[in-house]
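Down below is the structure, laid out as structure tokens.
2 protein chains.
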Amino acid sequence: MKNEDEPKDKRLKPGDAQKLTMAEVAKYVGVSAMTVSRAFRQDASVSEETRKRIMEAVDALGYVLDLSAGSLSSRRSGFIAALVPSINNSNFSDTARGITDALENTGLQLLLGYTDYAAEKEEELIEAMLRRRPEGIILTGGSHTARARRMLAKAGIPVVETWELPEDPINHVVGFSNSEAMALLVRALAGQGYRKFGYIGGTTARDTRGSQRRSGFQKAVEELGLGPGRMISFGVPPITMEQGGQAIVSLLERWPDTEVVLCVSDLSAFGAIMECKRRGMKVPGDIAIAGFGDYEISSICHPSITTINVDCYGIGRQAAARLLDALQGSGEATGDDITLTGYRVVLRESTDRSA
Amino acid sequence: MKNEDEPKDKRLKPGDAQKLTMAEVAKYVGVSAMTVSRAFRQDASVSEETRKRIMEAVDALGYVLDLSAGSLSSRRSGFIAALVPSINNSNFSDTARGITDALENTGLQLLLGYTDYAAEKEEELIEAMLRRRPEGIILTGGSHTARARRMLAKAGIPVVETWELPEDPINHVVGFSNSEAMALLVRALAGQGYRKFGYIGGTTARDTRGSQRRSGFQKAVEELGLGPGRMISFGVPPITMEQGGQAIVSLLERWPDTEVVLCVSDLSAFGAIMECKRRGMKVPGDIAIAGFGDYEISSICHPSITTINVDCYGIGRQAAARLLDALQGSGEATGDDITLTGYRVVLRESTDRSA
DNA sequence: CGACATTATGATATCGATAACACTCGAAGC
DNA sequence: GCTTCGAGTGTTATCGATATCATAATGTCG
Chain A
314 MKNEDEPKDK RLKPGDAQKL TMAEVAKYVG VSAMTVSRAF RQDASVSEET RKRIMEAVDA
374 LGYVLDLSAG SLSSRRSGFI AALVPSINNS NFSDTARGIT DALENTGLQL LLGYTDYAAE
434 KEEELIEAML RRRPEGIILT GGSHTARARR MLAKAGIPVV ETWELPEDPI NHVVGFSNSE
494 AMALLVRALA GQGYRKFGYI GGTTARDTRG SQRRSGFQKA VEELGLGPGR MISFGVPPIT
554 MEQGGQAIVS LLERWPDTEV VLCVSDLSAF GAIMECKRRG MKVPGDIAIA GFGDYEISSI
614 CHPSITTINV DCYGIGRQAA ARLLDALQGS GEATGDDITL TGYRVVLRES TDRSA
Chain B
314 MKNEDEPKDK RLKPGDAQKL TMAEVAKYVG VSAMTVSRAF RQDASVSEET RKRIMEAVDA
374 LGYVLDLSAG SLSSRRSGFI AALVPSINNS NFSDTARGIT DALENTGLQL LLGYTDYAAE
434 KEEELIEAML RRRPEGIILT GGSHTARARR MLAKAGIPVV ETWELPEDPI NHVVGFSNSE
494 AMALLVRALA GQGYRKFGYI GGTTARDTRG SQRRSGFQKA VEELGLGPGR MISFGVPPIT
554 MEQGGQAIVS LLERWPDTEV VLCVSDLSAF GAIMECKRRG MKVPGDIAIA GFGDYEISSI
614 CHPSITTINV DCYGIGRQAA ARLLDALQGS GEATGDDITL TGYRVVLRES TDRSA
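Going down the list, the protein sequences come from chains A and B.
Here the first sequence is numbered in the numbering used here, starting from 314 and rising by one per residue.
Here the second sequence is numbered in the numbering used here, starting from 314 and rising by one per residue.
Structural data, given as structure tokens:
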């Protein structure tokens, strides 16, 4: 009777809901809170009639389930965490979309984070995510700090690494060999008669997929006996369209007789092509240019861009699927589990030999 | 003694952490759990020495704070929810990035959802988000279902609507008038001497920003006495690059003498330009084309694309900033609060009159 | 018709942290 | 020397749902 008449916390604004709880809904209907809780999950054995009355009450009162309370006692957070290098890159936003779609109707929600291609940022984010006790986690790539690996091991949840084939996988992998894919593109273009190959990529090793593509290029060129490739590094990954344009200028200054240039991604390839056109060069004709990733832009632009198509969306879907399997499965922990995702060369106008 | 010797849940894999709690860390250090809790937040008055010992123990044991437990008792989830139409559109992913950046070091985490431009999906997502008890929510646009509005009102948390100026704002707004912005572009191009205006956009009213741009176009053309605009609708929003290409074909078939075409977004403008080039038309020269949104592609492509630059990233940052203000403020609930974000016409090659 | 399974529901303990308040102890003030 | 204060720490209740076990009502079968 002392502090009953005035609420402790005055933060509430007029019209605010006074934190409605399950118990109040229960009282309103004349059942126990437990029954209301059951009514919210289809599995429970609540009579159709009771459930209906409860749901009407929920509607009338405007009650919204509180999962944070529920997850504490059920020990299931309902979260899946995913870390991507950047959401402002359509390849990764496609993957994020794939994850989201695969999670639909599973009752799991996606917690997304951006690492900005930095392992330290990834470490921070992993910790932040684990504090929410996700039931599984999806990472991009296979390079993680030692502490990150330790935390993941301790967490005891399934981990999926994507977009690469890590040398030392943590748990599940859904990806492909970036170096093999780039090598395949080199061979396809060599098959068309190109001989003098150039390459454009970022400067540092931050972007492990970028480095792998570069080494795949290098290896393939040498294996074909086409001498060392002409490599230009420009800008900190991820390199932009604009940097692609600047890079091709450097490359052509240094090696004017280059026949075909492969770029670490379609974005830089696009920038390179546009810069060439702006300078009056013909693409193809004077120079052929190819990218990697098959972004939407590449099929549309003129000339359309030869590239490697990667199933970005599928990587997301499958990564989520592997996670769901692991969560459902009895936890047999069958060691490493690797899902290879496809890629293919898409030959388009930008490397058309007949031009 | 029946199921004591074998654990119920075999889900745990070898090497798993046996759910370490704060109490165990506390026991290890020889303090109370409360002190450990305090050590995790800088505000608390824990002696430097104790804090150090606690953090060493945390490190040694590999303890990770459990926020879900904490948020239940502190009644602060540490979440901000944000809904965008699509993450696969760089305008919105830029906004998401802005929100993320603004939230850095605030201890708040972003819960992101995609509505796919559908109000019903938005309603579902709002409910899903509210179940996590976010401390604030950021929405795109001002069209919401009645139930969504009711839930938001009941939730009693600050709401920010973005990217538009809703007629009936819920709470805070961070945006601009899409129709005014498009009208400005029309006037700028009319000022360059263009007279016969065409417009390309999506078919339905799902995308409210698209509709507003369309009506801004229409109004401006009429006000300038340039007759009704030539409007082509193509595809369900958001319309793709490819659809932009198809749309311009229809438009030019129907009105071959069109001088300039405005598109609902840069993506469709890009598709339209590329299609024209593919058909041997000169852009500009034979036809001028402009977009909306100033995507990265528009400054790079050849010809570069005239457009409206929108501060996508800033919208995100400011939306988050308004939310933080509201959370800090004593909850005076000072009615509506509208933050206008800038936009500007960017004239580029694609509408160059001298070409 | 009695033993037993099945269905629908309730009571109570609990998840793991934090709020709120209590307490100890040494320093400061008069 | 006694009161007052604040820094540092502990104790207990609690957040709001769910796991678990108990119980009442109903149905089944030989």
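Glycine included, every Cβ here is placed at the ideal spot set by N, Cα and C.
At a beta-carbon threshold of 8 angstroms, none of the residues of chain A lie near Ile-600(B); the nearest stands roughly 15 angstroms away. Taking a 10 Å sphere around the C-beta of Ile-651(A), we find fewer than 16 other C-beta atoms and assign the residue as exposed.
Against Asp-379(A), the close residues of chain B are Arg-444, Arg-446, in the order they occur along the chain (beta-carbon pairs closer than 7 angstroms).
Under the three-state reduction of DSSP, Met-544(A) is assigned to strand.
With a threshold of 16 other beta carbon atoms within 10 Å, Thr-453(A) meets it and is buried. Inclusion of Tyr-507(A) and Glu-572(A) in the CB contact set at 8 angstroms is warranted, their separation being smaller than that value.
Contact annotation, Ile-586(A) with Gly-606(A): C-beta distance approximately 15 angstroms; criterion of less than 8 angstroms not satisfied. By the neighbour-count criterion, in which 16 or more other beta carbons inside 10 Å mark a residue as buried, Met-347(B) falls on the exposed side. Residues of chain B with a Cβ closer than 7 angstroms to the Cβ of Met-587(A) are, in chain order, Ile-613, Cys-614, His-615.
When rounded, the separation of the alpha-carbon atoms in Glu-337(A) and Gly-343(A) is 10 angstroms. With respect to Asn-491(A), Arg-526(A) sits close: the two C-beta atoms are nearer than 8 angstroms. Between Ser-611(A) and Ile-618(A), the CB-CB gap stays under 8 angstroms. The beta carbon of Asp-481(B) lies closer than 8 angstroms to those of Gly-455 in the same chain, with the five residues before and after it left out. At the C-beta level, Phe-489(A) and Thr-654(A) come within 8 angstroms of one another. Contact between Cys-625(A) and Asp-407(A) holds: CB atoms are separated by about 4 angstroms, below the 8 angstroms threshold. Taking a contact as a CB-CB distance under 8 angstroms, the pair Ile-439(A) and Ile-393(A) does not count as one, their CB atoms being some 14 angstroms apart. For Cys-614(A), the secondary structure class from DSSP, reduced to helix, strand or coil, is coil. Judged by DSSP secondary structure, Arg-635(B) falls within the alpha helix (DSSP H) whose first and last residues are 625-641. Below the 7 angstroms Cβ cutoff, chain A contributes no neighbours of Arg-661(B), its closest Cβ being approximately 12 angstroms away. In the DSSP assignment, Glu-437(A) is bridged to no other residue. For Asp-407(B), at least one C-beta of chain A is nearer than 8 angstroms to its own C-beta.
Note that the C-beta distance between Ile-552(B) and Glu-588(B) is not below 8 angstroms. Leu-380(A) sits close to Arg-445(B), with the two beta carbons spaced by under 8 angstroms. In terms of Cβ geometry, Thr-517(B) and Pro-479(B) do not form a close pair [threshold 8 angstroms]. At a cut-off of 8 angstroms between beta-carbon atoms, Asn-401(B) makes contact with chain A. Residues of chain B whose Cβ lies closer than 8 angstroms to the Cβ of Glu-440(A) are, in chain order, Val-377. At a cut-off of 8 angstroms between C-beta atoms, Phe-583(B) counts as an interface residue with respect to chain A. Around Arg-366(B), the same chain offers Val-342 as residues with beta carbons nearer than 7 angstroms, after the five sequence neighbours per side are excluded. Taking a Cβ-Cβ threshold of 8 angstroms, none of the residues of chain B is close to Lys-434(A); the smallest such distance is about 11 angstroms.
Not a single C-beta of chain A is nearer than 8 angstroms to the C-beta of Tyr-430(B). Straight across, the Cα-Cα distance linking Gly-598(B) with Ile-613(B) is about 19 angstroms. Judged by their CB atoms, Leu-443(B) and Val-377(A) are nearer to each other than the 8 angstroms cut-off. Judged by DSSP in its simplified three-state form, Gln-505(A) adopts coil rather than helix or strand.
For Val-573(A), no alpha helix (DSSP H) encloses it; the enclosing beta strand (DSSP E) starts and ends at 573-576.
Between Ala-633(A) and Ile-412(A), the CB-CB gap stays under 8 angstroms. Neighbours of Thr-475(A) in chain B, taken as residues whose beta carbon is under 7 angstroms from its own, are absent, since the nearest beta carbon is some 17 angstroms off.
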